[in-house]
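Visitor: Quick one: the structure is below, questions incoming.
Here's what the structure looks like:
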C-alpha cells in the first residue's frame, strides 16, 4: 500500500529571492513576494505582500509568511491611510557593516535611491514595487547598468580596480557630489563609464560603509531594522523602523 502524498519525500529544492520582474505574478503590481530566513528555525521561508485597494475603504497591505522547513506561519494587515497633504518620505541610512546589507526593504514604484560613498553619488529609480534587501537592491542597480550598456556584469578579476578608478576610489568620468550632480543609468556616457559604475556599486557590497537615501512621493517605502521583517514593525509608525543607522522622515511640502 502506498503512503499518503503528504508524507512522501520530495527532492531538496534551491530557492532564490524574488526581485524585479520575478517578484510579480502575471505582472500584477498589487502582489509580490520574496524569500526570507525563518527566525524560528533559520530555514527558507516565503514572505508575500498583497495590496488591496477597495473603493470606499482604506488601502491595505497584507503580509503573509510561511516557512518551508518548520511550517511556521504569520499574517499581518496594515491600513495605509491616505494623507491628503502633499509631501514625501525620506529614508536616510548610514551603513557601516555587512549586517546592514541584509536589511529588508519595501520599496515603492518610482522611488529614487541614492548611494553615496566618499565624493561619489549614484541614483537608482525603482521600476516597480519590490520587497528585497539592501544587497540585492545594489545588485539590481548594477544589473540595470550592465543590461542597458551591454557590458559584463562581473569583472574577470573582481578584486582588481579598473584602470580609470583613482586611488581614492573615484571613477573617472562619473559625476560627484561636489559638482552638485548625480550619476544614473541615463547619464553614463560610455561602456567604460558603465563598467566603472558597476565597479563602484559592487564595492558597496564588498566594503559596506556608505550612505543611502530613499525619496518616495507615495510615502509607503520602508527599511527594516537588522534581523527584522516588515511584519515585525508597525507599518504606520515610522519610528518602529528607525534605529541608530536608519531614519524615516516625512516632509509636508512639494516633492523635490
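In UniProt numbering, the protein residues as written are 1 to 256.
No residue lacks a Cβ here, since even glycine has one placed at the ideal position from N, Cα and C.
1. Taking the beta carbon of residue 148 as the centre, do at least 16 other beta carbons fall within 10 Å, making it buried, or is it exposed?
2. Can you tell me whether residue 38 is buried or exposed? The criterion is at least 16 other CB atoms within 10 Å of its CB, across all chains shown.
3. Applying the 10 Å Cβ sphere with the 16-neighbour rule, what's the burial state of residue 71?
4. Helix, strand or coil, according to DSSP, for residue 167 in the structure here?
5. Measure the alpha-carbon distance for residue 244 versus residue 128 and round it to whole angstroms.
6. Taking buried to mean at least 16 other C-beta atoms within 10 Å of its own C-beta, is residue 136 buried or exposed?
7. State the Cα-Cα distance for the pair residue 104 and residue 186, rounded to the nearest angstrom.
8. Beta-carbon of residue 185 versus every beta-carbon of chain C: anything under 9 Å?
9. On the three-state DSSP scale, how would you describe residue 189?
10. Which residues in the same chain have their Cβ closer than 8 Å to the Cβ of residue 45, if we skip the five residues on either side of it in sequence?
11. For the beta strand (DSSP E) that contains residue 216, what are its first and last residues?
12. Using the Cα positions of residue 198 and residue 91, report the straight-line distance between them to the nearest angstrom.
13. Could you pull the start and end residues of the alpha helix (DSSP H) that residue 142 belongs to?
14. Who are the near neighbours of residue 14 in its chain, counting only those whose CB is closer than 7 Å to its CB and skipping five residues on each side?
15. Per DSSP, what kind of secondary structure is residue 240 in: helix, strand or coil?
16. Pick from 203, 193, 229: whose alpha carbon is nearest that of residue 97?
17. In chain order, what residues of the same chain lie with their CB nearer than 7 Å to the CB of residue 231, ignoring the 5 residues before and after it?
18. Less than 7 Å between C-beta atoms, sequence neighbours within five positions excluded: which residues of the same chain meet that for residue 111?
19. With 16 as the cutoff for other CB atoms within 10 Å, does residue 42 come out buried or exposed?
20. May I have the straight-line CA-CA distance separating residue 132 from residue 107, to the nearest angstrom?
21. So what does DSSP say about residue 105, is it helix, strand or coil?
22. How many whole angstroms separate the CB atoms of residue 247 and residue 87, which I take to be in contact at a CB cut-off of 8 Å?
23. Answer with buried or exposed for residue 223, where buried requires no fewer than 16 other C-beta atoms within 10 angstroms of its C-beta.
24. Only counting the same chain, and skipping five residues up and downstream in sequence, which positions put a Cβ closer than 6 Å to that of residue 260?
25. Could you spell out where the beta strand (DSSP E) holding residue 121 opens and where it closes?
26. When you compare the CB positions of residue 183 and residue 251, do they come within less than 9 Å of one another, or not?
27. Helix, strand or coil for residue 23 per DSSP?
Guide: Looking at the coordinates:
1. Within the chain shown, residue 148 is the residue found at index 148, counting from 1. Answer is exposed; the Cβ neighbour count stays below 16.
2. Residue mapping note: residue 38 aligns to position 38 of the chain shown, counting from 1. Looking at its Cβ environment, which holds 16 or more other Cβ atoms inside 10 Å, residue 38 is buried.
3. Here residue 71 refers to the residue found at position 71 of the chain shown. So residue 71 ends up on the exposed side.
4. The count along the chain shown starts at 1 and reaches residue 167 at position 167. Caution is warranted here: a pLDDT of 42 is assigned to residue 167, below 50, making its placement in the model unreliable, and no coordinate value can be reported.
5. Taking the first residue of the chain shown as position 1, residue 244 is located at position 244. Taking the first residue of the chain shown as position 1, residue 128 is located at position 128. Their Cα atoms are separated by approximately 28 Å.
6. Here the question's residue 136 lines up with position 136 in the chain shown. It is buried - the Cβ of residue 136 has at least 16 other Cβ atoms within 10 Å.
7. As a first step, residue 104 must be located in the chain shown, where it is residue number 104. As a first step, residue 186 must be located in the chain shown, where it is residue number 186. In a straight line, the C-alpha of residue 104 is about 27 Å away from that of residue 186.
8. Absence of chain C from the displayed structure is noted, only one protein chain being present.
9. Numbered from 1 along the chain shown, position 189 holds the residue referred to as residue 189. Coil at residue 189, not helix or strand.
10. Counting from one through the chain shown, the residue named residue 45 turns up at place 45. Cβ neighbours of residue 45 beyond the five flanking positions: 35, 36, 37, 38, 65, 66, 67, 68, 69, 72.
11. Reading the chain shown from its first residue, position 216 is the one you call residue 216. 210–216 is the extent of the beta strand (DSSP E) around residue 216.
12. By 1-based counting over the chain shown, the position of residue 198 is 198. By 1-based counting over the chain shown, the position of residue 91 is 91. Their Cα atoms are separated by approximately 23 Å.
13. Against the chain shown, residue 142 aligns to sequence position 142. Element bounds for residue 142: 134–149.
14. For the purposes of this step, residue 14 is taken as the residue at position 14 of the chain shown. Low local confidence applies: a pLDDT of 36 at residue 14 is under 50, so the model's placement there is unreliable, with the coordinate-based value given in what follows. If we look at residue 14 and ignore the five residues flanking it on each side, it has no Cβ neighbours.
15. The count along the chain shown starts at 1 and reaches residue 240 at position 240. Three-state result, residue 240: helix.
16. The count along the chain shown starts at 1 and reaches residue 97 at position 97. The shortest Cα separation from residue 97 among 203, 193, 229 belongs to 203.
17. By 1-based counting over the chain shown, the position of residue 231 is 231. Closer than 7 Å at Cβ, skipping near neighbours: 63, 65, 74, 76.
18. On the chain shown, residue 111 is found 111 positions in, with the first residue counted as 1. If we look at residue 111 and ignore the five residues flanking it on each side, its Cβ neighbours are 126, 214, 215, 216, 221.
19. Locating residue 42 in the chain shown gives position 42, where the first residue counts as 1. Exposed: under 16 other Cβ atoms inside 10 Å.
20. Locating residue 132 in the chain shown gives position 132, counting from the first residue. Locating residue 107 in the chain shown gives position 107, counting from the first residue. About 8 Å.
21. Position 105 of the chain shown, counted from the first residue, corresponds to residue 105. Residue state, collapsed to three classes: strand.
22. As a position in the chain shown, residue 247 is number 247, starting the count at 1. As a position in the chain shown, residue 87 is number 87, starting the count at 1. Not a contact, Cβ separation roughly 16 Å.
23. Translated into positions along the chain shown, residue 223 becomes position 223. With 16 or more Cβ atoms within 10 Å of its Cβ, residue 223 is classed as buried.
24. The structure shown does not extend to residue 260, since the chain is modelled only from 1 through 256, so no value can be given for it.
25. Residue mapping note: residue 121 aligns to position 121 of the chain shown, counting from 1. 120–125 is the extent of the beta strand (DSSP E) around residue 121.
26. Taking the chain shown and counting its residues from 1, the one referred to as residue 183 is at position 183. Taking the chain shown and counting its residues from 1, the one referred to as residue 251 is at position 251. For residue 183 and residue 251, no; Cβs fall outside 9 Å.
27. Along the chain shown, one-based indexing puts residue 23 at 23. Note that residue 23 scores a pLDDT of 40, beneath 50, so its modelled location is shaky; the value from the coordinates is reported in the next line. Looking at residue 23 - three-state DSSP - the assignment turns out to be helix.
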